[in-house]
Structures are given as structure tokens and as C-alpha cells.
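Protein chains in written order, with this note's numbering: chain P, 1 to 225; chain Y, 226 to 450. Quick notes on the structure that follows.
Here's what the structure looks like:
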């Protein structure tokens, strides 16, 4: 029996790297898809390539150039990434780092690739517990996009195409624990929204990550060398 | 009262040009979005620019470079556009011109733009009557993507974002009649899948268009100079 094929949306961050290791552990033959969209932390794309190469999985990288994405502070060079408290981060407000339609675009591109290569599943790393209030990270959104993909692609109509979000209901602490169990090379992953040489420690992503590692009692090799 | 804003997915073909004129007639302030994806009939992009300029509407153009789209005969340079009978075209089989995930990607990019510029609606020209059996042109698919867009974008969640497909249930003949009523400059539109100087007359798109004009009793200025 040949193994099932999965397209893993892979940014090189903690969550999507854990997803990739999860899918490999489940027996999927994985191909990764990394999307550059002008994000200031393009360093995550390097992390993705490094991890995919280490695993020997087939990588797909595409670059999008949509000028209007600069309305997001994660893309616009003249904007500042906010420094919020963890309480504000998880308050449900949509912050300036929200990128318009990002996960919808990512999933559509993944569906297109999955359709072209006759994959069985798409794996993505949204999380509705410890997240920044982005509307495109909720279970209802992912479920509905999954339905659309199965209605609107050849592979979906003729075979079925699963959209899997294994981290959806996990806390960041549980994601770190899962990653540790699966052997994720945390030191190679990149989460910081700012694109410096070392994580800034102040952005939403750094704060959520730090709390996750602290509560899991796991050392984060990317910041503690 | 300010007019509502619509993003019109606009290829420069007969259907999307009729959509643009329909949306303007409905009172929307329109911005067009034209997507290049390596299609061999890139000539349609020129048509789109010409028509949008004539109307004085704001144009957005983006180019996608996804290598796997060359599995479609509409993109792959080493493939041949099929010459099928109208009966075969409308048989419900998915032909080689199907582009994996095309409408899902188009609608996602439109949703992203609509989100960034705070639009009220997205207008697209799918048609489920005289079409080539593409799964991404059905009412069920469009309805489901509309739900996903309203769940997964800031604009959708906070305000609502309509996804309108005014041609969905019209025959090609009715589309020609509607276009004629709205003053669509048919001679500027481009439908042919092959990218020559004049329409080939043999591809699915040419055949469906020719039948539509013939049955509507309207002269097609793009082929009859």
C-alpha cells in the first residue's frame, strides 16, 4: 500500500514545524509549501528551507506580491509591531499584525498544489487557543474552507481532500509538549514577527512562544543557546 | 450616502466584463482585480486593462507563478487546447483546460484585497449553465467560499462581505443579451483560450461564445470586424 500524500503549509515556525513532524509521524508522505508574502520576518522562510532539507521532504516555495498587504504591520515597512501584554494579545481583538485573507490564500494555494499533485490531505497549523485573535484561525473558518476545497477542486470532487489542523485545540504549552515528543528541532524554528538575528522577545509571537516553553518546562533552543 | 465598493474579478473576457458593467449599473464603485497565472491567453489581461482604462475604474493586477499550474493545458506550453464538440464541452467532464484551484485562489486574493480596502462586495463571473464542467464554477462552491470569506476576514467578521455571481444561472445567450443591454464593448473582450491575434474558433471558450452570440442575434465585434 502506498502512503498517503499530504501538503503541509510550512512557515518554519514552531506550530507548522510541529505539524510537519505530526504528519510524518502519522505516515504521510509530505511535501511542504512555504509562501513568502512580503513578511518582515522573511527569516522564517530560511528556517523552513533548513528544516525541510534536514528532513529530505520535497519543498515548494512561492512568492506573492500583493501591494495591499502592506496595510498589515507584519508587512508594511513603515509600521511598528505592537508590544502588548499577554492579556491583550489573547483578548480576541484583531491586532495590526493581521494580514488580510492570509490563511484563505495559503489554503487556496495549498489546495491548488494538492489538486495538481493528487494529494490526500492538506495540513496546517492554526490554533484557536493561544492566538492573536485572527479570524482566519478559527475552527468554523477552517471547516468551511475545507468544504469549499472539496467542492471546488478536481481532487476534492473525485477523491476527497482532507484539511487537517492538528493543533487547533491545543494550548501553546501542549504544542511545545507535542513538538518535544515528536523530536521537533526547536532551535531551527523561527516565530518572531521582527526579522532580526535573534527573537525580539516583545512581539505577540515571542510572548506566546515563551509562555508555552516555560509552562511546558522545555528549553527553547532558539533563544537559549 | 457613499456608494458601496465592489472588487470585480476581471479577466477581460465576455463574462467578467459583463459582470463589471452589471456592478457599475447596480451603483457599486468598482475596483478591478486581474490575475495573471501563466495562462497562454495572456492577451485577455491586455483586454482587461484596456476596458478598465476606458471606464476609468481603479485596476489591480497581480501575477502568480505557481509551477504546478502547468499541469493544465491552459498554462502548460507543451500541451494542446482540445477541440471538442459543444456536446462534449457541456457533458460535465472536467477537461484538460481546468486549472487546479483557480477560482478558489482568485476569490481568496479578491477577499484579501476587499478586506484591505474595506469593500462591501466581491463580484465574479462563474456560470453553471454553459460552462466546461469546471468544479469551481458551481453554485454550491461559490456559496461555501462566500461563507469562508465572511468567517475568515476582518471585513467579513466586522461588516460582512457579499460574494456576488450575477451570471451563475444565465445561459451564454442570456449573458450576451445582458451585456448588449448594459453596453458592454464586446469588440474589446477576449475569450479565446489560445493566445493568437484573432480568436481560434475551435476551443471550448470560442465555441460557447459563438453559440451565445448566434442565439442572441447579436454581432460579436471581436470576430466580425
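Note that the Cβ used here is the ideal one computed from N, Cα and C, for glycine as well.
Query                                                                                                       : Result
Where residue 450(Y) sits in the DSSP three-state scheme                                                    : Residue placement at residue 450(Y) is flagged as unreliable, the pLDDT there being 48, under the threshold of 50; the coordinate-derived value follows with that caveat. In this structure, residue 450(Y) counts as coil in the three-state DSSP scheme.
As assigned by DSSP and simplified to three states, the class of residue 58(P)                              : strand
Short Cβ contact (7 Å threshold) for residue 228(Y) with residue 254(Y)                                     : yes
Neighbour list for residue 157(P) in chain Y, Cβ cutoff strictly below 9 Å                                  : 319 and 360
Cα-Cα separation, residue 157(P) to residue 150(P)                                                          : 6 Å
Exposed unless 16 or more other CB atoms sit within 10 angstroms - verdict on residue 285(Y)                : buried
Cβ-based burial, residue 187(P) [other Cβ within 10 Å; buried from 16]                                      : exposed
Same chain, Cβ closer than 7 Å to residue 146(P), five either side skipped, listed in chain order           : 163
Min CB distance residue 144(P) to chain A below 7 Å                                                         : Within the model displayed, chain A is absent; protein chains P and Y are what it includes.
Where residue 302(Y) falls: helix, strand or coil (DSSP)                                                    : coil
Under 8 Å from the C-beta of residue 378(Y): neighbouring residues of chain P                               : 100, 101, 104, 135 and 136
Length of the line joining the Cα atoms of residue 159(P) and residue 84(P)                                 : 45 Å
Euclidean distance between Cα positions of residue 425(Y) and residue 445(Y)                                : 14 Å
Beta carbon of residue 215(P) nearer than 7 Å to that of residue 189(P)                                     : no
Close Cβ partners of residue 450(Y) (< 6 Å) along its chain, the five nearest in sequence each way excluded : The predicted model places residue 450(Y) with a pLDDT of 48, which falls under 50 and marks its position as unreliable, so this point remains unresolved.
Coil, strand or helix - residue 35(P) by DSSP                                                               : strand
Residue environment, residue 273(Y), which counts as buried when at least 16 other CB atoms sit within 10 Å : buried
Beta strand (DSSP E) runs wholly inside the region 102-187 of chain P, at least 3 long, in chain order      : 121-123 and 162-164
Proximity test, Cβ basis, 7 Å: residue 165(P) and chain Y                                                   : no
Distance between residue 234(Y) and residue 241(Y) (C-alpha atoms, nearest Å)                               : 7 Å
Selection from 420(Y), 300(Y), 448(Y) and 433(Y) that minimises the alpha carbon distance to residue 271(Y) : 420(Y)
Chain Y within 7 Å of residue 161(P), Cβ atoms only                                                         : no
Cutoff 7 Å: residue 450(Y) Cβ touching any chain P Cβ                                                       : With a pLDDT of 48 at residue 450(Y), under the threshold of 50, the modelled position of that residue is not reliable, and the figure given next carries that caveat. Not one chain P Cβ lies under 7 Å of residue 450(Y).
Reference residue 280(Y), options 344(Y), 298(Y), 237(Y) and 401(Y), closest by Cα                          : 237(Y)
Minimum Cβ-Cβ distance from residue 230(Y) to chain P less than 7 Å                                         : no
Closest residue to residue 358(Y) among 323(Y), 332(Y), 250(Y) and 378(Y) (Cα-Cα distance)                  : 323(Y)
Inter-residue CB distance, residue 170(P) and residue 120(P) (contact presumed, cutoff 8 Å)                 : Incorrect: roughly 23 Å between the Cβ atoms, too far for contact.
Chain-ordered chain P contacts of residue 336(Y) [CB-CB under 9 Å]                                          : 100, 101, 104 and 105
Min CB distance residue 148(P) to chain Y below 7 Å                                                         : yes
Residue-chain proximity (residue 108(P), chain Y), Cβ-Cβ < 7 Å                                              : yes
Residue 42(P) (DSSP reduced to helix, strand or coil)                                                       : coil
Coil, strand or helix - residue 30(P) by DSSP                                                               : strand
Unbroken beta strand (DSSP E) run spanning residue 7(P), endpoints                                          : 5-9
Three CB pairs or more closer than 8 Å across the region 298-309 of chain Y and the region 73-87 of chain P : no
Cutoff 7 Å: residue 10(P) Cβ touching any chain Y Cβ                                                        : no
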